[in-house]
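Quick note, the sequences are listed as chains A and B, same order. Residue numbering for the first sequence follows the numbering used here, starting at 1057 and increasing by one per position. Residue numbering for the second sequence follows the numbering used here, starting at 127 and increasing by one per position.
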Amino acid sequence: MRSRRRRLEIGCRIAAFAVLGWLIGTSLMPAAERSLERATSRDIASRLAAWTRLPPAVALHADLSTAPDPYVADWLGALRHAGHAVAWGGSPPAVAIAADALNDPAGGVLIDVAAPSGAEVTVRDAASAIDSVRVAALGATMTASIAVDSIVAESRGQRFSAPVPEPARVRAALVVGQAGWEGKFVARALEERGWTVMARFGVAPRVEVTQGSVASLDTSRFSVVIAIDSTIDLLGAATLERFVRQGGGLVLAGAAGASRAAASLAPGRFGARTRPSALPPDTIGLGATGFYPVRALEPNASVLDQRAGGVSVAARRVGAGRVIQVGYDDSWRWRMAGGPDAEAAHRAWWSRVAGGVAYVPVGRLAAEDGYGAAAPVAHLVERIGPARATVQRAGSRGVDSRILMAIIMILLLTEWGSRRLRGLA
Amino acid sequence: MSGEFVFATAQYESGDWDSAPLLPANIIDTIARYTEITVAPTGVVVALSDVRMLRYPLLYLTGHLPVRFSDAERANVRRFVERGGLLFVDDHNHDVDGIFHKTATEEIARTVGPLAELPNDHPLYSAFFKFDGPPTTSHELNGWGDNLVHKHLLASMRGNRIGVLYSNKDYSSEWNYHPDTKRFMSVDNTRFAVNLIVYALTA
Chain A
1057 MRSRRRRLEI
1067 GCRIAAFAVL
1077 GWLIGTSLMP
1087 AAERSLERAT
1097 SRDIASRLAA
1107 WTRLPPAVAL
1117 HADLSTAPDP
1127 YVADWLGALR
1137 HAGHAVAWGG
1147 SPPAVAIAAD
1157 ALNDPAGGVL
1167 IDVAAPSGAE
1177 VTVRDAASAI
1187 DSVRVAALGA
1197 TMTASIAVDS
1207 IVAESRGQRF
1217 SAPVPEPARV
1227 RAALVVGQAG
1237 WEGKFVARAL
1247 EERGWTVMAR
1257 FGVAPRVEVT
1267 QGSVASLDTS
1277 RFSVVIAIDS
1287 TIDLLGAATL
1297 ERFVRQGGGL
1307 VLAGAAGASR
1317 AAASLAPGRF
1327 GARTRPSALP
1337 PDTIGLGATG
1347 FYPVRALEPN
1357 ASVLDQRAGG
1367 VSVAARRVGA
1377 GRVIQVGYDD
1387 SWRWRMAGGP
1397 DAEAAHRAWW
1407 SRVAGGVAYV
1417 PVGRLAAEDG
1427 YGAAAPVAHL
1437 VERIGPARAT
1447 VQRAGSRGVD
1457 SRILMAIIMI
1467 LLLTEWGSRR
1477 LRGLA
Chain B
127 MSGEFVFATA
137 QYESGDWDSA
147 PLLPANIIDT
157 IARYTEITVA
167 PTGVVVALSD
177 VRMLRYPLLY
187 LTGHLPVRFS
197 DAERANVRRF
207 VERGGLLFVD
217 DHNHDVDGIF
227 HKTATEEIAR
237 TVGPLAELPN
247 DHPLYSAFFK
257 FDGPPTTSHE
267 LNGWGDNLVH
277 KHLLASMRGN
287 RIGVLYSNKD
297 YSSEWNYHPD
307 TKRFMSVDNT
317 RFAVNLIVYA
327 LTA
């Protein structure tokens, strides 16, 4: 019968050979070398198929100078869910893009871009380049009169895109006022821009010139009401408020700021008319002859334009709708007696004012086209988490071979010492 | 007041632009009498060669003599009409063979485009008072001019609106009197002027 010491010596020898065998085995098996797979921005897309066939114990790490296309991020996310330890490192530029339809019958897209300050961003659609801009304070805005397919931006090698939105389907604009040049030319400017315009102009007691049917005021027919003066009171305060709270837009132009019916909706109070100290030479601009400043602004009102005499344009939300107060009461002079582009500028300005508050029914959401993400870094973080310096492997940490060698040495020394103490060689 | 209507008479270099001096005050009186339109108590005279004519989107032009615009006048009139102004031209001779008619229609065609008959159901004729067409004037058959009752006014259109309105009716003679004279009339013969101004201000 073997003694206890003899069994210890045999055990030590077996253990030493077992550890040695494992070390030799792991050094010979290629799988041991694949415990961490790495890729860069350039080759990550081509590596995904091979990564998918690896056992879950293999960790995956991407070194990214630019954020990958959305499908790559989605694929990495899927690998992560399949049990791989997936991580990424690097500092791709944090960029984002959004495209919204302008509330303008002439169409157009408003493009907002976010990028690091100083970055040069080029924007194009499927047809051609749209614009380029150097970002000043983390963001820039541009408009495109027309855009095809997708709007794709590029900055520092990073591509990001947004689908072209569906055109806004604005409804009619109702212009209300006393017969006069301002009402006539506001209505005309909107019509020329493509708006369906209905009008109600007072001419004499109980005599009005109307264009279109203005019987009922609701958002199923009208997107915006433009009041040229206080004759808007004839519509009634309750009707106006209901329209705005439903989501309709209201523009209070010039003396309409004194309307009693719209008093609870207005962004501010109506001040005394301010006139510039010197009239310009005969190329008249907006507000060249003065304006009614908007005073005593409501707490939720925003100033949109300001002149030396005070606030000239302000806006606020009321219920689901918006109200904008425009101090200018003779913008028609700008159109008639302004510079060479005054007519087009007048048209675009009034369309922008009306579109800024107009009710637009929510349309079909534009489909993602898979061409790129609107915010690629955010998309990547959403899929596989924030950047990490090294990959962390769950449950399969490797053992340092030097420690294993030390264990072998200890086991063999123990056996040898035991044998020597027993007097054996 | 910034939004008031100012009756403006066009002054041109070639002819007798001031041949109806009482007309502006009479029309201003008519506007004040029938409407709530804020109207300046006196009219103005503006030279077509001066860009300040663009401050008055309705201009009245008349005369007996040849109409030949200078280059500056022509450029301003063209810009005026393109931007939405309405030029009302009345032949003070009421004579289709007269020198005013021949030269004015030629000049209008050259400046803004040809004139065509305005249908008698055009919104101009129902803008305030109802008319079946241009009201006849007592001067059409007074032995002067062409002795014709003109059934239509002529117009040069810009889209669906009137850019230039041309009349052979001689409203310049018909309306050229002191406003107080209206009290002796059974029917005010200036009522069509209200339509013209309401149309200009609303169409």
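Don't be surprised by glycine CBs; every beta carbon is placed ideally from N, CA and C.
7 Å Cβ cutoff, D327 (chain B) in contact with chain A | Walking along the second sequence from the start, residue 327 (chain B) turns up at place 201. For clarity, residue 327 (chain B) is Leu in the given sequence; the question names Asp instead. Yes, L327 (chain B) counts as interfacial toward chain A.
Close beta carbons around G1195 (chain A), own chain, < 6 Å, minus the five adjacent residues each side = Residue 1195 (chain A) sits at position 139 when you count from the first residue of the first sequence. Within the same chain, G1195 (chain A) has close Cβ partners A1170.
Which of helix, strand or coil DSSP assigns to M283 (chain B) = Position 157 of the second sequence, counted from the start, is the residue given in the question as residue 283 (chain B). The answer is strand: DSSP assigns M283 (chain B) an E or B state.
At a CB-CB cut-off below 9 Å, which residues of chain B make contact with S1161 (chain A)?
-> For the purposes of this step, residue 1161 (chain A) is taken as the residue at position 105 of the first sequence. Reading off the sequence shown, one finds Pro at residue 1161 (chain A), where the question assumed Ser. Neighbours of P1161 (chain A) on chain B: none; closest Cβ ~16 Å, over 9 Å.
Less than 7 Å separating the beta-carbons of P1148 (chain A) and P1172 (chain A)?
-> Against the first sequence, residue 1148 (chain A) aligns to sequence position 92. Against the first sequence, residue 1172 (chain A) aligns to sequence position 116. No; because the gap between Cβ atoms is not below 7 Å, this pair is not in contact.
Cross-chain neighbours of W1237 (chain A) in chain B, by beta carbon under 8 Å | Here residue 1237 (chain A) refers to the residue found at position 181 when the first sequence is read from its first residue. Ordered by position in chain B, the residues that pass the 8 Å Cβ test against W1237 (chain A) are G129, F131, P183 and L327.
According to DSSP, is V324 (chain B) helix, strand or coil?
-> The count along the second sequence starts at 1 and reaches residue 324 (chain B) at position 198. Looking at V324 (chain B) - three-state DSSP - the assignment turns out to be helix.
Proximity of V170 (chain B) and A253 (chain B) at Cβ, strictly below 7 Å | Here residue 170 (chain B) is taken as the residue at index 44 of the second sequence, counted from 1. Here residue 253 (chain B) is taken as the residue at index 127 of the second sequence, counted from 1. In this structure, A253 (chain B) does not lie closer than 7 Å to V170 (chain B) by Cβ.
List the residues of chain A that E232 (chain B) touches, going by C-beta distances under 9 Å, in chain order.
-> Mapped onto the second sequence, residue 232 (chain B) falls at position 106. By Cβ distance, chain A contributes nothing, its closest Cβ being about 26 Å from E232 (chain B), past 9 Å.
Since Y292 (chain B) contacts I225 (chain B) with CB under 8 Å, what's their CB separation in whole angstroms?
-> For the purposes of this step, residue 292 (chain B) is taken as residue 166 along the second sequence, with counting starting at 1. For the purposes of this step, residue 225 (chain B) is taken as residue 99 along the second sequence, with counting starting at 1. Between I225 (chain B) and Y292 (chain B) the Cβ distance is about 15 Å, and since that is not below 8 Å, they are no contact.
Would you mind telling me which residues of chain A sit closer than 7 Å to Y160 (chain B), beta carbon to beta carbon, in chain order?
-> As a position in the second sequence, residue 160 (chain B) is number 34, starting the count at 1. The answer, in chain order, is A1260.
Does DSSP put R1266 (chain A) in a helix, in a strand, or in coil?
-> Here residue 1266 (chain A) corresponds to residue number 210 of the first sequence, with the count starting at 1. Rather than Arg, the amino acid found at residue 1266 (chain A) in this sequence is Thr. Reduced to three states, the DSSP call for T1266 (chain A) is strand.
Assuming M1254 (chain A) and L1230 (chain A) form a contact by the criterion Cβ under 8 Å, report the distance between their Cβ atoms to the nearest whole angstrom.
-> To locate residue 1254 (chain A), count along the first sequence from 1; it is residue 198. To locate residue 1230 (chain A), count along the first sequence from 1; it is residue 174. That belief holds up - the Cβ atoms of M1254 (chain A) and L1230 (chain A) are roughly 5 Å apart, short of 8 Å.
Pairwise C-alpha distance: A1129 (chain A) and R1439 (chain A) | Counting from 1 along the first sequence, the entry for residue 1439 (chain A) is found at position 383. Counting from 1 along the first sequence, the entry for residue 1129 (chain A) is found at position 73. The alpha-carbon atoms of R1439 (chain A) and A1129 (chain A) are separated by roughly 6 Å.
Can you find a C-beta in chain A that's less than 7 Å from the C-beta of I163 (chain B)?
-> In the second sequence, counting from the first residue as 1, residue 163 (chain B) sits at position 37. So, interface residue.
At a cut of 8 Å, does the segment 1276–1284 of chain A reach the segment 1227–1241 of chain A through at least three beta carbon pairs?
-> yes
Per DSSP, cross-strand counterpart(s) of W1406 (chain A) = Against the first sequence, residue 1406 (chain A) aligns to sequence position 350. According to DSSP, W1406 (chain A) bridges with nothing at all.
What are the boundary residues of the beta strand (DSSP E) that includes W301 (chain B)?
-> Start at 1 with the first residue of the second sequence, and residue 301 (chain B) comes out as number 175. Segment: none, W301 (chain B) is in no beta strand (DSSP E) and carries neither H nor E.
So does D1289 (chain A) have its beta carbon nearer than 6 Å to some heavy atom of the ligand ATP?
-> The ligand ATP is not part of this structure, which contains no ligands at all.
Pick out whichever of A:Q1381, A:P1161, A:A1155 and A:L1104 has its Cα sitting closest to the Cα of V1367 (chain A).
-> Within the first sequence, numbered from 1, the residue matching residue 1367 (chain A) stands at position 311. Of A:Q1381, A:P1161, A:A1155 and A:L1104, the residue nearest in Cα terms is A:Q1381.
With a cut-off of 8 Å on the beta carbons, I'd call R1363 (chain A) and V1413 (chain A) a contact; round off their distance for me.
-> Stepping through the first sequence from its first residue, residue 1363 (chain A) is reached at position 307. Stepping through the first sequence from its first residue, residue 1413 (chain A) is reached at position 357. With a Cβ gap of about 21 Å, R1363 (chain A) and V1413 (chain A) do not count as contacting.
Chain A beta carbons: is any one of them nearer than 7 Å to that of R200 (chain B)?
-> Position 74 of the second sequence holds residue 200 (chain B). R200 (chain B) does not count as touching chain A.
Using a Cβ cut-off of 7 Å (strictly closer), state whether M1392 (chain A) contacts chain B.
-> Residue mapping note: residue 1392 (chain A) aligns to position 336 of the first sequence, counting from 1. Interface residue, yes.
Is it right to say H304 (chain B) is buried, meaning 16 or more other beta carbons lie within 10 angstroms of its own, or is it exposed?
-> Position 178 of the second sequence, counted from the start, is the residue given in the question as residue 304 (chain B). Under this definition H304 (chain B) is an exposed residue.
What does R1408 (chain A) reach in chain B if we use C-beta pairs closer than 8 Å?
-> In the first sequence, counting from the first residue as 1, residue 1408 (chain A) sits at position 352. Ordered by position in chain B, no residue passes the 8 Å Cβ test against R1408 (chain A), which lies about 19 Å from the chain.
Three or more C-beta pairs below 8 Å linking the segment 1393–1410 of chain A and the segment 1237–1252 of chain A = yes
For P1432 (chain A), count neighbouring C-beta atoms within 10 Å of its own C-beta (all shown protein chains included) and say buried if the count is 16 or more, exposed if not.
-> As a position in the first sequence, residue 1432 (chain A) is number 376, starting the count at 1. Answer is buried; the Cβ neighbour count reaches 16.
List the endpoints of the continuous alpha helix (DSSP H) containing D1130 (chain A).
-> Counting from 1 along the first sequence, the entry for residue 1130 (chain A) is found at position 74. Run containing D1130 (chain A): P1126 to H1137, per the alpha helix (DSSP H) assignment.
Mind checking whether A1155 (chain A) and I1202 (chain A) have CB atoms under 7 Å apart?
-> Indexing the first sequence from 1 puts residue 1155 (chain A) at position 99. Indexing the first sequence from 1 puts residue 1202 (chain A) at position 146. Cβ atoms of A1155 (chain A) and I1202 (chain A): not closer than 7 Å.
Opposing strand residues paired with R1061 (chain A) [DSSP bridges] | Taking the first residue of the first sequence as 1, we reach residue 1061 (chain A) at position 5. In the DSSP output, where bridge partners are listed per residue, R1061 (chain A) has none listed.
Would you please verify whether the beta carbon of R1351 (chain A) is less than 7 Å from any beta carbon of chain D?
-> The structure shown contains no chain D; the protein chains it does contain are A and B.
How far does the alpha helix (DSSP H) with I1440 (chain A) in it reach, from first residue to last?
-> As a position in the first sequence, residue 1440 (chain A) is number 384, starting the count at 1. Where I1440 (chain A) is concerned, the enclosing alpha helix (DSSP H) stretches over P1432 to I1440.
Option nearest D1361 (chain A) by Cα separation, candidates A:G1341, A:G1383 and A:E1354 = Translated into positions along the first sequence, residue 1361 (chain A) becomes position 305. The option with the nearest alpha carbon to D1361 (chain A) is A:G1383.
Pairwise C-alpha distance: D1285 (chain A) and A158 (chain B) = Against the second sequence, residue 158 (chain B) aligns to sequence position 32. Against the first sequence, residue 1285 (chain A) aligns to sequence position 229. One C-alpha to the other measures close to 19 Å.
Using a beta-carbon distance cut-off of less than 8 Å, what residues from the segment 252–265 of chain B approach chain A?
-> A253 and F254
F1278 (chain A) - DSSP class collapsed to helix/strand/coil | In the first sequence, the residue the question calls residue 1278 (chain A) occupies position 222. Strand, per DSSP.
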